[in-house]
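Chemist: If you scroll down you'll find the structure; I have some questions about it.
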Amino acid sequence: MSDERENLHPDEFGNLGINTDSAVVPVYLGENDKFKFNCYPGISCFNECCRNIDIVLTPYDVLRLKNNLGITTTEFIANFTNFYEVDGHGLPGLNLKTKDDMKACEFLTKEGCAVYEDRPTACRYYALGNMAMRKKDSGEAETGYFVVKEDHCKGHLEDKEQTVAEYRHGQGLEEYDEMNFGFQELVLKKKSSGPTVGAPSPRSMQLYFLATYDMDRFREFIESAGFKDVFDLSAVEYEKIISDEFELLNFSQRFLKQVLFGENTIAKKQNAADVRMKKKRQRMAKKQKELNDQTEERPD
Ligand code: SF4
Ligand code: SF4
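Under my numbering, the first residue of the sequence shown carries the number 24, and numbering increases by one thereafter.
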């Protein structure tokens, strides 16, 4: 067991999201620590872990799932997720919708998970929990692992032994963790900065939601004149993020550091303020003209 984690403080953000009313055994494991567990179709508890769920979704989970279903991020969010508040400022998070009074996952079938190849991070980790953690006096995120033992899960009674690294590899988690890292860091930073950053404006909150979960609408925003007038991206970089939604997701985290924390993560055009002011004046003049025209047309 790794004892270096004694000095770490678990933060509230983690990928553990299944059967939250059950007990968790908080014994921290390192990558090379072993634990016994096996899960396979035919085990007596098959599918039990997909009921009574509360599965938090990461932005990468949303992309993988909506691609599996062949729908847009906007449609996926509307049909398969619920909102919850991540922090006291109303930072929005998403979890999976459930069906029936067993709170079963919408994707659960008799044969198992209907979206298995693209199942969320929390489902891949289950048996292990993972939690973003930070050292005292540091906003830097680290990952802690621990075994999740719930009565209904018989996989812990199996003899198969593996290291955390082997389990993560078998679940395809290296890729998920890599894609989730920037998002986790962002949420941790937002939560740990608390009042120093303050409550984001409604506009920042709206942009946060688009740039984390609704990648199809975020792309529309990136393609809008409002974005192009302000931010200075090279043609190559612009093309890369417009044509590849995973690149767009990575870019969105840079963008949010600017929106939420005022960091200069994306260069702004020299004359951005002038262009915006000019457009604002043009809009106001147009509105004024419309009002004047309406007044002239009105009968005495
Ligand atoms: S997404 Fe699949 S693995 Fe995850 S809870 Fe739903 S059915 Fe189970
Ligand atoms: S062994 Fe655990 S993870 Fe596997 S199906 Fe049973 S309850 Fe789910």
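From the three backbone atoms N, C-alpha and C, an ideal C-beta is built for every residue, glycine too.
These numbers come from a predicted model, not from an experiment.
Determine the extent of the beta strand (DSSP E) in which Pro-143 is found, giving its start and end residues.
Modeler: Per DSSP, Pro-143 belongs to no beta strand (DSSP E) and is neither H nor E.
Chemist: Pairs of beta-carbons, one from the region 88 to 97 and one from the region 140 to 148, closer than 8 Å: are there three or more?
Modeler: Touching, yes, given that three or more Cβ pairs across the two stretches are closer than 8 Å.
Chemist: Quick check: the region 295 to 306 against the region 250 to 261, are at least 3 beta-carbon pairs closer than 8 Å?
Modeler: Because the criterion of three Cβ pairs below 8 Å is met, the region 250 to 261 and the region 295 to 306 touch.
Chemist: Are the Cβ atoms of Arg-74 and Lys-133 separated by less than 8 Å?
Modeler: Not closer than 8 Å, so no.
Chemist: Let me confirm a value: Gly-116 is counted as buried when at least 16 other C-beta atoms fall within 10 Å, else exposed. Which label applies?
Modeler: With 16 or more other Cβ atoms within 10 Å, it is buried.
Chemist: May I ask you to check if the CB of Ala-150 is nearer than 7 Å to at least one heavy atom of ligand 2?
Modeler: Yes, Cβ of Ala-150 sits closer than 7 Å to a heavy atom of ligand 2.
Chemist: If you measure from the CB of Cys-72, is any heavy atom of ligand 2 nearer than 7 Å?
Modeler: Because some heavy atom of ligand 2 lies under 7 Å away, the Cβ of Cys-72 counts as near it: yes.
Chemist: Using 7 Å as the cut-off, classify the Cβ of Arg-87 as near or not near the heavy atoms of ligand 1, replying yes or no.
Modeler: Incorrect: Arg-87 has no Cβ contact closer than 7 Å to ligand 1.
Chemist: Since I believe Ile-78 is in contact with Leu-119 (beta carbons under 8 Å), could you give me their beta-carbon distance rounded to a whole number of angstroms?
Modeler: So it is a contact: roughly 4 Å between Cβ atoms.
Chemist: For Lys-310, I'd like the list of residues in its chain whose CB is within less than 7 Å of its CB, leaving aside the five on either flank, ordered along the chain.
Modeler: Counting only Cβ-Cβ distances below 7 Å, and skipping sequence neighbours, we find nothing.
Chemist: How should Ser-266 be labelled, buried or exposed, when 16 other C-beta atoms within 10 angstroms of its C-beta is the threshold for buried?
Modeler: Exposed, by the Cβ-count rule.
Chemist: Can you say whether Glu-197 is buried or exposed, counting buried as having 16 or more other CB atoms within 10 angstroms of its CB?
Modeler: Exposed, because fewer than 16 other Cβ atoms sit within 10 Å of the Cβ of Glu-197.
Chemist: Quick one: what does DSSP say Glu-134 is sitting in, helix, strand or coil?
Modeler: Coil.
Chemist: Do the CB positions of Leu-271 and Ser-227 come within less than 8 Å of each other?
Modeler: No. Outside cutoff.
Chemist: I believe Thr-186 touches Lys-57 by the beta-carbon criterion, under 8 Å. Please report the beta-carbon distance rounded to the nearest angstrom.
Modeler: 5 Å between Cβ atoms; contact.
Chemist: Alpha helix (DSSP H) containing Lys-120: first to last residue?
Modeler: No alpha helix (DSSP H) contains Lys-120, which DSSP labels as neither H nor E.
Chemist: Name, in chain order, the residues that DSSP records as bridge partners for Thr-104.
Modeler: Its beta-bridge partners are Leu-119.
Chemist: Between which two residues does the beta strand (DSSP E) carrying Thr-186 extend?
Modeler: It spans 184 to 186 - the beta strand (DSSP E) in which Thr-186 sits, taken as one unbroken run.
Chemist: Given the structure, does Ile-100 come close to ligand 2, in the sense that its CB is under 7 Å from one of the ligand's heavy atoms?
Modeler: For ligand 2, not one heavy atom lies less than 7 Å from the Cβ of Ile-100.
Chemist: Report yes if the C-beta distance between Thr-97 and Arg-242 is below 8 Å; otherwise report no.
Modeler: Not in contact: Thr-97 and Arg-242 (Cβ atoms no closer than 8 Å).
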